[in-house]
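A.B. asks: My questions all concern the structure below.
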Amino acid sequence: MRKPAFAILLLALCASVVRAEPLVLSVQDAVALARGASLEVYGQGLAVARASRDADNAWNLFLPGLSAGLSARLGDKLLTQAAISPSSTGFSTAVSLGTRLSLANGVLFDMEERRADLELASLGEADAVARLARDVEKAYFTLASLGLDMGNKAKAADLARERSKLAGLRFDRGLGSELDALRAQLAERNALAAHRKAVADYGKRMAAFKRQLGLDPGVELRLSTALEAPGSVAEGPFDDLVDARTDLERSRLAMRVAATAAARYAAVNRLPLLTLEAGWNFGLADFETARDAFTLSAGLSFNADAWIPNSRKDLELRALRDTEKRLALAYEQARRAALDEVAALRADIEYASDGIDLATAQESLAARILARAREAYDRGSATGLELEDAELALGSARQSLIASRFQYLSLVIDLGYALGVDWRSLVR
């Protein structure tokens, strides 16, 4: 989210706190708040800014060294009677200015290293933002599923309370057995205990979610994005998206850095080392006598031992080239693992989609069974135990449907992160 939108969101948060109203958050708003509160994202942003400054100011690699100095000296006789010099008072001063520029073979590789550092920092920031969005979205919809579960358990507790009262009345009037009344009371207590546990779980999750968003514990939140299973996922292929993953981008960057390191080592040690230097010095003695000197020098050196087989420098260069080969093999393995991960997620998504259809059918059937069981119970042709079993079956079916929807949505979010894209773009 852009900074103006984030500022508007913060203003809405402040206004809700002042008016003591619940803060209505969509899943996109939650991601924006978490991004502003994340220390990891902040640190990655600082790393990008630092690397960007270094890359934009690569000219300072060619900046000459500058020096300036001022010195004073006082001298006189100590043990002997001879003066320091016939014409000296014993006090002298000197002012000096100097500059020196030195260039060698490795400067261009230093520039490439700065560009690689910037790219690596940018990839780190992008991955941190993507992981944060994935975690916040899954936490958001976890809360949504827990909220639905809490509501269902509250309804079940109300129904159990009403049925317990009805069973007690039927027993008092001689229309029902004591066993049915006792079972109804037990079911009521179990339903109340389940509801209290659901409320406690929701409260713990909500506290952790507020902490993740950087919100005050006293802020009341209301989630506006409903837990709904998205449509079917696009068929693919996703090879291009897999190749653009940040972890594979990092692997390719590591290969490039290793190749640059090997080329730098070869250029510095195996090729003739050309050193260009320019210098100028200016001196002023006693603020009267001025002297300056200008120098130009060029040097050419050659490390012959770098070409000797199995010498130290030759072995170091071989180690760098072996690192290139190892990173290339690691990249191929990482790419294969990424493709397998995406294929596994797609298979899990298909299975979860079938699970939603099955859970929907089970809920519909359980609702019909409960309706018939209640009618039979009111007519006296069904026991309280049968009605209780029907109510438990419906509650279980509803919970299974909620879990199936969350599982499907969570897998789609994971697939979006695995492909490095917003999961909404994958839904047809």
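Residue -16 is where the sequence shown starts when you use the working numbering, and the numbers rise one by one after that. Note that the Cβ used here is the ideal one computed from N, Cα and C, for glycine as well. As the structure is a computational prediction, the values presented were derived from the model and not from experiment.
(1) Alpha carbon to alpha carbon, how far is G28 from A212? Give it in angstroms, no decimals.
(2) In whole angstroms, what is the alpha-carbon distance linking R146 and A176?
(3) Taking all protein chains shown into account, do 16 or more other C-beta atoms lie within 10 angstroms of the C-beta of R407, making it buried, or fewer, making it exposed?
(4) Checking contacts by CB at 8 Å: is Q390 closer than that to chain E?
(5) Would you report the Cα separation of V90 and A99, rounded to the nearest angstrom?
(6) Here's the rule I'm using: 16 or more other beta-carbon atoms within 10 Å means buried, otherwise exposed. How should G214 be labelled?
(7) What residues match up with S280 in a beta bridge as DSSP calls it?
(8) Thinking C-beta only, is F221 closer than 8 Å to V325?
(9) Apply the 10 Å Cβ neighbour rule to S128 and answer buried if 16 or more other Cβ atoms are within range, or exposed otherwise.
(10) Indicate the three-state DSSP secondary structure (helix, strand or coil) for D275 in the structure shown.
(11) How about R418 and L115: are their beta carbons less than 8 Å apart?
(12) Taking the beta carbon of Y248 as the centre, do at least 16 other beta carbons fall within 10 Å, making it buried, or is it exposed?
(13) Does the region 154 to 163 come close enough to the region 134 to 145 that 3 or more CB-CB pairs lie under 8 Å?
(14) Return the first residue and the last residue of the beta strand (DSSP E) that R205 is part of.
(15) Excluding sequence positions up to five away, which residues of its chain have a Cβ less than 8 Å from the Cβ of F154?
(16) Considering only their Cβ atoms, is the gap separating A321 from V225 smaller than 8 Å?
(17) Is the region 116 to 125 touching the region 389 to 397, taking contact as three or more C-beta pairs under 8 Å?
(18) Between the region 307 to 323 and the region 229 to 239, are three or more C-beta pairs nearer than 8 Å?
(19) Does the distance from the C-beta atom of A181 to that of M133 stay below 8 Å?
(20) Out of L126, N43, R253, point me to the one whose CA is closest to R97's CA.
(21) Leaving aside the five residues before and after A373 along the sequence, list all residues of the same chain whose C-beta is less than 7 Å from its C-beta, in chain order.
(22) So, at 8 Å on beta carbons, what are the nonlocal neighbours of T366 in its own chain, with the 5 sequence-adjacent residues on each side left out?
(23) Can you list, in chain order, the residues of its chain with a C-beta nearer than 8 Å to that of K193? Leave out the 5 residues immediately preceding and following it.
(24) For Y391 and R188, I'd like the C-alpha separation in whole angstroms.
(25) Report the residue from S280, N264, A15, G282 whose alpha carbon sits nearest the alpha carbon of R274.
(26) E358 to E369, Cα distance in whole Å?
(27) Closer than 6 Å by C-beta to V216: which residues in its own chain qualify, once you throw out the five before and the five after it? Chain order, please.
(28) Out of S21, A122, L254, which has the shortest C-alpha to C-alpha gap to A190?
(29) With DSSP as the reference, label S(-1) as helix, strand or coil.
(30) Would you say E307 and A242 are within 8 Å of each other, going by their C-beta atoms?
(31) Helix, strand or coil for V24 per DSSP?
(32) If I measure Cβ to Cβ from L303 and keep anything under 8 Å in the same chain, skipping five residues before and after, which residues do I get?
(33) Just to confirm the assignment, what range does the beta strand (DSSP E) spanning V7 have?
(34) Do you know offhand how far E120's Cα is from Q11's?
(35) Can you say whether T229 is buried or exposed, counting buried as having 16 or more other CB atoms within 10 angstroms of its CB?
C.D. replies: Let's see:
(1) 34 Å
(2) 16 Å
(3) exposed
(4) Chain labels in this structure do not include chain E; a single protein chain is all it has.
(5) 15 Å
(6) exposed
(7) E260
(8) yes
(9) buried
(10) strand
(11) As shown, the chain starts at -16 and ends at 411. That puts residue 418 outside it, with no answer to give.
(12) buried
(13) no
(14) 204 to 206
(15) S160, E161, D163, A164
(16) yes
(17) yes
(18) yes
(19) yes
(20) N43
(21) I352, L353, A356
(22) D163, Y360
(23) D199, P200, V202, L204
(24) 20 Å
(25) N264
(26) 12 Å
(27) I332, L409
(28) A122
(29) Because the pLDDT at S(-1) is just 48, under 50, the model does not fix this residue reliably, and the value given afterwards should be weighed accordingly. DSSP places S(-1) in helix when its eight states are reduced to three.
(30) yes
(31) helix
(32) A241, A244, A245, Y248
(33) 6 to 8
(34) 8 Å
(35) buried
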